[in-house]
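Take the sequence shown: its position 32, counted from the start at 1, is 37 in the working numbering, and no numbers get skipped. Each residue gets a CB set at the ideal place from its N, CA and C atoms; glycine is no exception.
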Amino acid sequence: MPGAHAQRGRSHVRSLRPRDGRQADERDHVRTVLHGDRRRRDRRRSGTRPAVLPAPRGRGRRGIEDARGVNVRPEILAIAVPALPAASFVLLAAFGRRLGGRAHWVALAAVFGSLACSVALLLHIAAGGEGAVIHATFPWAIVGGRPVEFGVFVDGLSASVLVMVAVVAAMVFTYAAGYMCGDERYGWFFSAFSLFLTSMFALVISSNLLQVMVFWEVMGLCSYLLIGFWYEREESRRACIKAFITTRIGDMGFLAGTALLWIRLGSLDLRELPRLVEEADPRFLALAALLLLMGAVGKSAQFPLHVWLPDAMAGPTPVSGLLHSATMVAAGVFLVARTYPVFEASHFALPFITGVGVV
Numbered sequence: 006m007p008g009a010h011a012q013r014g015r016s017h018v019r020s021l022r023p024r025d026g027r028q029a030d031e032r033d034h035v036r037t038v039l040h041g042d043r044r045r046r047d048r049r050r051s052g053t054r055p056a057v058l059p060a061p062r063g064r065g066r067r068g069i070e071d072a073r074g075v076n077v078r079p080e081i082l083a084i085a086v087p088a089l090p091a092a093s094f095v096l097l098a099a100f101g102r103r104l105g106g107r108a109h110w111v112a113l114a115a116v117f118g119s120l121a122c123s124v125a126l127l128l129h130i131a132a133g134g135e136g137a138v139i140h141a142t143f144p145w146a147i148v149g150g151r152p153v154e155f156g157v158f159v160d161g162l163s164a165s166v167l168v169m170v171a172v173v174a175a176m177v178f179t180y181a182a183g184y185m186c187g188d189e190r191y192g193w194f195f196s197a198f199s200l201f202l203t204s205m206f207a208l209v210i211s212s213n214l215l216q217v218m219v220f221w222e223v224m225g226l227c228s229y230l231l232i233g234f235w236y237e238r239e240e241s242r243r244a245c246i247k248a249f250i251t252t253r254i255g256d257m258g259f260l261a262g263t264a265l266l267w268i269r270l271g272s273l274d275l276r277e278l279p280r281l282v283e284e285a286d287p288r289f290l291a292l293a294a295l296l297l298l299m300g301a302v303g304k305s306a307q308f309p310l311h312v313w314l315p316d317a318m319a320g321p322t323p324v325s326g327l328l329h330s331a332t333m334v335a336a337g338v339f340l341v342a343r344t345y346p347v348f349e350a351s352h353f354a355l356p357f358i359t360g361v362g363v364v
């Protein structure tokens, strides 16, 4: 028995009182006997003062991680991606002149924050496996008895595009901080730059075609302002007007295709699009696909609406880098990829897309 000395012939503990039914903490004259009291001469004997016991292996580290971990909903991360540059746009539009040469710090903080959120979203989608999506909507209006919703829709495609755009934007913004240094409209430049990036991020995570079209047009307006940033030059004025008119021609097709899908399918939800096109007439889908392709051709500077892109070099070099790399030009490709079920079900639009790409 613990506490007895077998060498002395003690097989039991002397003066051990039987339990009287009351708890130990209710008896003031009885104290719990614990092993290892350091006040005893013999440290192997029992005592009344508890010793400090080591924590089980791995328990301490897990507790620190749990205490320091932050559980953020993926929908919040998705909204934060465009919200950060949007906040940068508002701050720089209001205080850009006061900030002067320090205005780029606000824009850089926003774009690197969006990059971190984009990477977190991509890791979340990758951990969820095939078919993992982030989808959240809220009603915005009712048109013709049909609800119009705004929300976020992030899958593997949109998460990858978010990271790509954020990486390129971070590099371009960093380069622009030095390139535009000394310009008298330094703060305004980064304000418009932030709005352009906001519209691109919001377009990528949009949950329906109407939402895509809204941010599509905001991005076109920002490109007009950025290409014509040096409006004192005749070349810049002509280039921004040419880009605006050419892309608006393509946007007319995008608007018509979106309206046609709304009338015939009754919904513009991108998540429901594959199911809706299965029951639609292929001839109708072919017309809708060609109209959507018209918008993508204008934005991506494909034949025959490619004439605006060379003249866009009249704007500041960071603007050209952002337009030509992974934002405005890539938006048309993203539109085709996002509405691919319409093109696939039409049996006619895919060869037409191939022909446009070859030209």
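Query, Result
"One or two residues paired with GLY140 in a DSSP bridge", "Inspection of the sequence shows that residue 140 is occupied by His rather than by Gly. The partner list for HIS140 (beta bridge, DSSP) reads PHE158."
"For ALA335 and GLY362, the rounded distance between their alpha carbons", "14 Å"
"Nearest-angstrom Cα separation, counted from ALA350 out to GLU240", "44 Å"
"CA nearest to the CA of GLY300, picked from LEU126, GLU80, GLY118 and ARG253", "ARG253"
"Classification of ASP274 by the beta-carbon crowding that lies within 10 angstroms, buried from 16 upward", "buried"
"Beta carbon of ALA175 nearer than 8 Å to that of LEU120", "yes"
"With 16 other Cβ atoms within 10 Å as the buried cut-off, status of ILE232", "buried"
"Contact between the stretch 154-172 and the stretch 292-299 (3+ Cβ pairs under 8 Å)", "no"
"Own chain partners of TRP193 with C-beta closer than 7 Å, once the 5 adjacent residues on each side are dropped", "GLY101"
"Cβ distance (whole Å) where PRO90 is taken to contact TYR184 below 8 Å", "Actually they do not touch by this definition, with Cβ atoms about 19 Å apart."
"N- and C-terminal bounds of the alpha helix (DSSP H) containing CYS227", "214-232"
"Contacts around LEU202, its chain only, beta-carbon distance under 7 Å, and the 5 residues preceding and following it disregarded", "PRO90, VAL116 and ALA174"
"Beta-carbon proximity check, LEU310 vs VAL302, cutoff 8 Å", "yes"
"Pairwise C-alpha distance: PRO287 and TRP267", "16 Å"
"ALA182 and HIS109 closer than 8 Å at C-beta", "yes"
"Secondary structure of SER211, DSSP reduced to three states", "strand"
"Touch test, the stretch 254-262 against the stretch 217-227, Cβ-Cβ under 8 Å, three pairs minimum", "yes"
"Span separating the alpha-carbon of GLU284 from that of LEU278", "11 Å"
"Identified DSSP bridge partners for ILE147", "PRO152"
"Segment limits, alpha helix (DSSP H) that includes TRP267", "239-270"
"Proximity to LEU292 [Cα-Cα], best of MET318, THR263 and ALA317", "THR263"
"Residue interval of the alpha helix (DSSP H) (run including ARG190)", "Segment: none, ARG190 is in no alpha helix (DSSP H) and carries neither H nor E."
"Identity of the residue in GLY326, VAL312, LEU355 and GLU237 nearest PHE249 by Cα", "VAL312"
"For ASP286, the three-state DSSP class (helix, strand or coil)", "coil"
"Closest residue to PRO356 among THR179, ALA294 and ARG107 (Cα-Cα distance)", "ALA294"
"Residue nearest to VAL95 in terms of C-alpha spacing, selected from SER199, PHE220 and LEU281", "SER199"
"Bridge partners - ASP316, DSSP secondary structure assignment", "Paired residue(s): none; ASP316 is not in a bridge."
"Nearest-angstrom beta carbon gap, VAL168 and VAL111 [assumed within contact, 8 Å]", "Going by Cβ atoms, the distance from VAL111 to VAL168 rounds to 22 Å, so no, they are not a contact pair."
"Neighbour-count burial assignment, LEU290, 16 or more Cβ in a 10 Å radius", "buried"
"Secondary structure of GLY74, DSSP reduced to three states", "Because the pLDDT at GLY74 is just 43, under 50, the model does not fix this residue reliably, and the point stays unresolved."
"Exposed unless 16 or more other CB atoms sit within 10 angstroms - verdict on ALA85", "buried"
"For LEU58, three-class secondary structure by DSSP", "Confidence in LEU58 is poor, its pLDDT being 49 and thus under 50, which makes the residue's placement too unreliable to answer from."
"Nearest to GLY326 (by Cα), restricted to the options VAL177, ALA83 and ILE139", "VAL177"
"Nonlocal neighbours in the same chain, by C-beta distance under 7 Å from VAL282, ignoring five residues either side", "LEU290, PRO346, VAL347 and ALA350"
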